[in-house]
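Here the structure is laid out as structure tokens; the discussion comes afterwards.
Shown next, in the form of structure tokens:
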């Protein structure tokens, strides 16, 4: 009989399997079908210790980031060599652009700086804040369930394009990774600590650099060398040579 034909049975099993897969995944396979992903955003900092009030302008560039982080998807690491994402949950923007906006808002909320913004708004900056978003994911490694946020910053004096200070800030917060609410709260706490640190650091280091510039101690000579002594790094307390960025 036809039903006893091995080829027929094999085709029937294949059709059944594909049908089950289509039913299970139809919401994600058909355009416009299924619920849209939930969108989450984080909050800027609004409170600070006593800050120096500065008369210079700052441009905040979007952080550089590797492709796994440069996405609206919310990252989840379940092993040191595997990077996944939460299903049906996204940031409101690509992570670096969201972080850039929060850095700018946090500076605005400090009420300690004349002007801060993106390069596209036409500011003539005295300083540019460059950064790299190195960690921005939830992690479940070695029985630890955490959210890990880390950024590295460089403060560049303009128009000389001299790096006057650099520092790294990060924060790890424990969270139950199977509940989206606590995960987002942990991201907000971790990034909030970094935002507060970078605002205080930038204003403090920028003022130090401005004081030297007013004294003429960072004016480059004809060979391109700086005439100033290496500044002290706030984060390490050690002298770092001033670095000059290549012009594009």
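Residue numbers (the working numbering): 995 to 1242.
For glycine and all other residues, C-beta sits at the position ideal for the given N, C-alpha and C.
Rounded to a whole number of angstroms, what is the C-alpha to C-alpha distance between residue i and residue j?
| i | j | result |
| --- | --- | --- |
| residue 1151 | residue 1161 | 15 Å |
| residue 1119 | residue 1159 | 16 Å |
| residue 1110 | residue 1077 | 34 Å |
| residue 1168 | residue 1063 | 20 Å |
| residue 1137 | residue 1207 | 50 Å |
| residue 1048 | residue 1178 | 33 Å |
| residue 1068 | residue 1140 | 14 Å |
| residue 1154 | residue 1107 | 21 Å |
| residue 1054 | residue 1115 | 11 Å |
| residue 1086 | residue 1097 | 15 Å |
| residue 1182 | residue 1071 | 18 Å |
| residue 1045 | residue 1129 | 27 Å |
| residue 1145 | residue 1163 | 6 Å |
| residue 1195 | residue 1123 | 11 Å |
What is the C-beta distance between residue i and residue j, in whole angstroms, given that I count them as a contact (C-beta under 8 Å)?
| i | j | result |
| --- | --- | --- |
| residue 1188 | residue 1165 | 6 Å |
| residue 1050 | residue 1200 | 6 Å |
| residue 1089 | residue 1143 | Going by Cβ atoms, the distance from residue 1089 to residue 1143 rounds to 10 Å, so no, they are not a contact pair. |
| residue 1126 | residue 1038 | 20 Å between Cβ atoms; not a contact. |
| residue 1079 | residue 1174 | Not a contact, Cβ separation roughly 12 Å. |
| residue 1101 | residue 1036 | About 16 Å separates the two Cβ atoms, so there is no contact after all. |
So residue i is in the beta strand (DSSP E); what residue range does that whole segment cover?
| i | result |
| --- | --- |
| residue 1112 | First-last for residue 1112: undefined, no H or E at that position. |
| residue 1189 | No beta strand (DSSP E) holds residue 1189; the alpha helix (DSSP H) holding it covers 1174-1208. |
| residue 1125 | 1121-1135 |
| residue 1156 | 1156-1168 |
| residue 1068 | 1067-1073 |
| residue 1082 | 1076-1085 |
| residue 1042 | Taken as a continuous stretch (DSSP letters only), residue 1042 belongs to no beta strand (DSSP E), as it is neither H nor E. |
| residue 1035 | From DSSP, residue 1035 is part of no beta strand (DSSP E); its letter is neither H nor E. |
Beta carbon of residue i: closer than 8 Å to some heavy atom of the ligand FMN?
| i | result |
| --- | --- |
| residue 1200 | In terms of ligand content, the structure shown is empty, and the ligand FMN therefore cannot be addressed. |
Residue i lies in the alpha helix (DSSP H); which residues open and close that run?
| i | result |
| --- | --- |
| residue 1140 | Run containing residue 1140: none in the alpha helix (DSSP H); it sits in the beta strand (DSSP E), 1138-1151. |
| residue 1095 | 1089-1104 |
Could you check if residue i is buried or exposed, using at least 16 other CB atoms within 10 Å of its CB as the buried criterion?
| i | result |
| --- | --- |
| residue 1191 | buried |
| residue 1203 | buried |
| residue 1113 | exposed |
| residue 1135 | exposed |
| residue 1074 | exposed |
| residue 1170 | exposed |
| residue 1060 | exposed |
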